[in-house]
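Accompanying notes for the structure given below.
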Amino acid sequence: MKLKSLAVFSLAMLGFSSPLFAKASFEFITSAPSDKKLHVVFINDVSHLDGMSQVLDQKSGGQLSKLIQLNKFTPEKGNTLHLQMIGTVGSLLLIGSQDKDGLSAPELQDLGGKIASSLSSTAESLDLAVHVENLETAEALPSAHIAYGYHLRHYSFDRYKTKKSEGESDVTLVTTNAVNAAKLYNSDLAYIAQGVHLTRDLATEPGKNMYPQAFVDVVKAKFKGIKNVDIDVLDMRDIKKLKMGALEGVGQGSINDPRLLVINYRGSQKTDAPIALVGKGITFDTGGISLKKNEGMWAMKSDLAGAAAVAGTLYASAQRGENVNLIGFMPLAENMPSQDAIRPGDVLETMKGVSIEIISTDAEGRLILADAVYYAQQKYRPKMLLNIATLTGSAGRALSDEYAAVITRNFELSQKMMDVGKRSGENVWPLPLHPNHFKQIESPIADIKNSGAGNPGASIGAAVVATFIDEDLPWIHLDIAGVDWLEADIDVAPKGSQGWGVRFMDQLVRDNSK
Numbered sequence: 008m009k010l011k012s013l014a015v016f017s018l019a020m021l022g023f024s025s026p027l028f029a030k031a032s033f034e035f036i037t038s039a040p041s042d043k044k045l046h047v048v049f050i051n052d053v054s055h056l057d058g059m060s061q062v063l064d065q066k067s068g069g070q071l072s073k074l075i076q077l078n079k080f081t082p083e084k085g086n087t088l089h090l091q092m093i094g095t096v097g098s099l100l101l102i103g104s105q106d107k108d109g110l111s112a113p114e115l116q117d118l119g120g121k122i123a124s125s126l127s128s129t130a131e132s133l134d135l136a137v138h139v140e141n142l143e144t145a146e147a148l149p150s151a152h153i154a155y156g157y158h159l160r161h162y163s164f165d166r167y168k169t170k171k172s173e174g175e176s177d178v179t180l181v182t183t184n185a186v187n188a189a190k191l192y193n194s195d196l197a198y199i200a201q202g203v204h205l206t207r208d209l210a211t212e213p214g215k216n217m218y219p220q221a222f223v224d225v226v227k228a229k230f231k232g233i234k235n236v237d238i239d240v241l242d243m244r245d246i247k248k249l250k251m252g253a254l255e256g257v258g259q260g261s262i263n264d265p266r267l268l269v270i271n272y273r274g275s276q277k278t279d280a281p282i283a284l285v286g287k288g289i290t291f292d293t294g295g296i297s298l299k300k301n302e303g304m305w306a307m308k309s310d311l312a313g314a315a316a317v318a319g320t321l322y323a324s325a326q327r328g329e330n331v332n333l334i335g336f337m338p339l340a341e342n343m344p345s346q347d348a349i350r351p352g353d354v355l356e357t358m359k360g361v362s363i364e365i366i367s368t369d370a371e372g373r374l375i376l377a378d379a380v381y382y383a384q385q386k387y388r389p390k391m392l393l394n395i396a397t398l399t400g401s402a403g404r405a406l407s408d409e410y411a412a413v414i415t416r417n418f419e420l421s422q423k424m425m426d427v428g429k430r431s432g433e434n435v436w437p438l439p440l441h442p443n444h445f446k447q448i449e450s451p452i453a454d455i456k457n458s459g460a461g462n463p464g465a466s467i468g469a470a471v472v473a474t475f476i477d478e479d480l481p482w483i484h485l486d487i488a489g490v491d492w493l494e495a496d497i498d499v500a501p502k503g504s505q506g507w508g509v510r511f512m513d514q515l516v517r518d519n520s521k
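Under my numbering, think of the first position of the sequence shown as 8, with each following residue one higher.
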């Protein structure tokens with residue numbers, strides 16, 4: 008049986024239609040196709056070929072085995088070897104898949120991404136068959152996760168390039184359980200990949216075009232027609248009325264007013280308390296009056312990555328109809344220097360009534376989160392709250408690009424988040440939140456101060472946000488400053504914006520849904 012899915016990557020932005028990005032379609036079948044010139048096989052043991060690799064070796068009179076030996080190919084996970092004219096196959100990609108414990112879902116996704124990257128899937132049109140029959144895995148439906156990983160990697164942001172990425176991939180996955188694999192991919196995993204791509208689009212768009220209202224417009228257009236979704240946008244009038252002085256203060260130096268975008272997905276009973284996801288949305292961060300150095304400032308267009316990831320997560324959950332009530336909060340502001348901008352030494356009054364002395368205007372993310380997390384609790388009474396932000400360079404220096412920092416009020420919850428990270432493919436590592444961190448942010452002229460409290464910076468930033476979180480509420484703080492933008496490709500993403508957080512939060516939502 009053949010089951011197809013088409014993933015088209017495009018984004019209507021700012022009133023005009025963008026060109027189509029690279030496209031990929033996925034088909035799941037139970038028997039090997041005869042019309043594909045390019046085949047992909049997984050190798051677990053070079054001394055004992057099985058599945059399609061064994062068939063090709065026999066048809067080529069042992070040529071495949073000889074070439075494997077000649078090229079010193081080993082089956083370690085992720086190793087690749089591209090061969091031509093093997094038996095009846097014009098082009099063959101070997102991928103090592105050896106794993107003594109059985110491949111996990113994230114490892115399968117990495118292999119899918121490895122296929123896409125090895126074949127330059129966005130640069131040229133491809134017609135290939137991926138043989139999954141012999142893959143040793145702990146997952147019941149490995150072909151669905153391989154398709155998902157391919158989908159994640161098959162991405163290009165080329166809006167401003169003269170030459171567009173026109174590669175179209177027609178991917179056939181050969182598996183013993185085609186019907187269920189197609190169902191899992193088409194009705195579930197594909198939506199997560201689309202959410203990740205939405206996040207990457209938002210975080211890659213230049214700041215000139217992606218100001219707070221533009222972010223709102225793009226996201227609203229993306230959610231048009233999705234069931235059980237209500238969208239509310241708080242403008243400057245609402246922000247002033249609610250006395251969100253921190254959000255207002257950060258955005259007042261820009262000609263583009265701040266916004267608070269709220270997406271309410273009602274997937275469960277009305278009486279069920281929702282999960283709240285709150286993402287930092289600084290659409291461009293100059294540092295304000297505490298101006299950043301020019302070096303690397305261009306990347307501050309992605310300082311909205313937390314808000315973008317919340318939008319991507321809501322998109323995935325709502326599209327597949329997750330049985331949960333989920334609300335995303337995206338405080339949006341542009342941090343600019345001007346005669347109207349807040350200054351170091353100023354004091355802002357928050358919605359909670361807690362006053363904040365500004366030590367650095369470049370510690371602005373925690374300010375907009377302060378009003379957003381308090382608003383989320385007061386209006387919606389969530390059962391759990393997660394906030395995600397490109398908050399501190401300290402987190403990146405501590406954990407590099409291997410882990411996002413996770414901070415909670417109790418270590419047991421942090422350990423649970425490590426497990427969520429492992430299963431989602433987006434790893435986190437705990438950093439502490441000590442009573443002394445709250446003492447460090449005490450201000451001589453206000454209730455707290457936003458910075459200048461010394462080390463550790465990531466924990467200090469979390470302490471500011473925690474000041475606005477009910478102590479009895481399960482709360483997760485993710486600092487993704489080290490992982491959201493990479494300067495080198497990984498298996499499931501090209502360099503640049505990673506769309507980090509969508510896969511993590513999606514797994515957390517699943518774990519807490521009905």
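Quick reminder that beta carbons are idealized off the backbone N, C-alpha and C, glycines included.
{"Asked": "Backbone secondary structure at Leu27 - three-state DSSP", "Found": "With a pLDDT of only 38 at Leu27, under the threshold of 50, the placement of this residue in the model should not be trusted, and no figure is reported."}
{"Asked": "Host beta strand (DSSP E) of Asp486 (start-end)", "Found": "Trp482 to Asp486"}
{"Asked": "Per DSSP, cross-strand counterpart(s) of Asn332", "Found": "Arg273"}
{"Asked": "Own chain, CB closer than 8 Å to Ala453, minus 5 neighbours either side, in chain order", "Found": "Val354, Ser362, Ile363 and Glu364"}
{"Asked": "Local conformation of Asp513 per DSSP, three classes", "Found": "helix"}
{"Asked": "Per DSSP, the bridge partner or partners of Met391", "Found": "Ile282"}
{"Asked": "Per-residue burial, Met92 [other beta carbons within 10 Å of its own, 16 or more giving buried]", "Found": "exposed"}
{"Asked": "Proximity of Leu321 and Gly506 at Cβ, strictly below 9 Å", "Found": "no"}
{"Asked": "Nonlocal neighbours in the same chain, by C-beta distance under 7 Å from Asp496, ignoring five residues either side", "Found": "Ser124 and Lys502"}
{"Asked": "Nearest candidate by alpha-carbon position, reference Ile289, set Gly68, Ala396, Ala405 and Lys30", "Found": "Ala396"}
{"Asked": "As assigned by DSSP and simplified to three states, the class of Thr290", "Found": "strand"}
{"Asked": "Span of the beta strand (DSSP E) around Glu364", "Found": "Ser362 to Glu364"}
{"Asked": "Beta-ladder partner(s) of Gly503, from DSSP", "Found": "Leu493"}
{"Asked": "Beta-carbon contacts of Thr87 that lie in its chain and below 8 Å, excluding the five residues immediately before and after", "Found": "Leu100, Leu101, Ile102, Gly103, Lys121 and Ser125"}
{"Asked": "Same chain, Cβ closer than 6 Å to Asn263, neighbours up to 5 away in sequence not counted", "Found": "Tyr218, Pro219 and Glu341"}
{"Asked": "DSSP three-state assignment for Ala348, whether helix, strand or coil", "Found": "coil"}
{"Asked": "9 Å Cβ cutoff met for Val178 and Ala39", "Found": "no"}
{"Asked": "Integer-rounded CB distance, given that Gly174 should sit under 8 Å from Ser111", "Found": "In fact, because the Cβ distance is near 29 Å, the residues do not count as touching under 8 Å."}
{"Asked": "Spatially closest choice to Val257 from Ile238, Ala283 and Ser297, by CA coordinates", "Found": "Ser297"}
{"Asked": "Presumed contact (8 Å Cβ cut-off) between Leu420 and Ile334, rounded CB distance", "Found": "Contact flag wrong, Cβ pair sits at about 20 Å."}
{"Asked": "Beta-carbon gap between Asn394 and Leu284 smaller than 9 Å", "Found": "yes"}
{"Asked": "CB contact flag (Ile238, Val225, <9 Å)", "Found": "no"}
{"Asked": "Whole runs of the beta strand (DSSP E) within the region 421-476, excluding any shorter than 3 residues", "Found": "435-437"}
{"Asked": "Per-residue DSSP class, three states only, for Arg416", "Found": "coil"}
{"Asked": "Own chain, CB closer than 6 Å to Ala318, minus 5 neighbours either side, in chain order", "Found": "Val226"}
{"Asked": "CB of Val435 within 9 Å of CB of Ala405, strictly", "Found": "no"}
{"Asked": "Own chain residues within Cβ distance below 7 Å of Leu202, not counting five before or after", "Found": "Leu is not the amino acid found at residue 202; the sequence shown has Gly there. Cβ neighbours of Gly202 beyond the five flanking positions: Gly319, Thr320, Tyr322, Ala323 and Val509."}
{"Asked": "Uninterrupted beta strand (DSSP E) stretches inside the region 33-76 (no shorter than 3 residues)", "Found": "45-50"}
{"Asked": "Contact between the region 366-384 and the region 466-476 (3+ Cβ pairs under 8 Å)", "Found": "yes"}
{"Asked": "Reference Val240; option with closest CA among Val269, Gly274, Met59 and Pro437", "Found": "Val269"}
{"Asked": "Close beta carbons around Phe445, own chain, < 6 Å, minus the five adjacent residues each side", "Found": "Ala470"}
{"Asked": "CA nearest to the CA of Ala348, picked from Lys168, Ala200 and Thr293", "Found": "Thr293"}
{"Asked": "Residue ranges of each beta strand (DSSP E) within the region 125-161, 3 or longer", "Found": "133-138"}
{"Asked": "When Ala136, Ala200, Leu77 and Gly119 are compared against Thr37, the one with the closest alpha-carbon", "Found": "Ala136"}
{"Asked": "9 Å Cβ cutoff met for Gly214 and Phe291", "Found": "yes"}
{"Asked": "Run of the alpha helix (DSSP H) containing Leu205, from where it starts to where it stops", "Found": "Ala197 to Thr211"}
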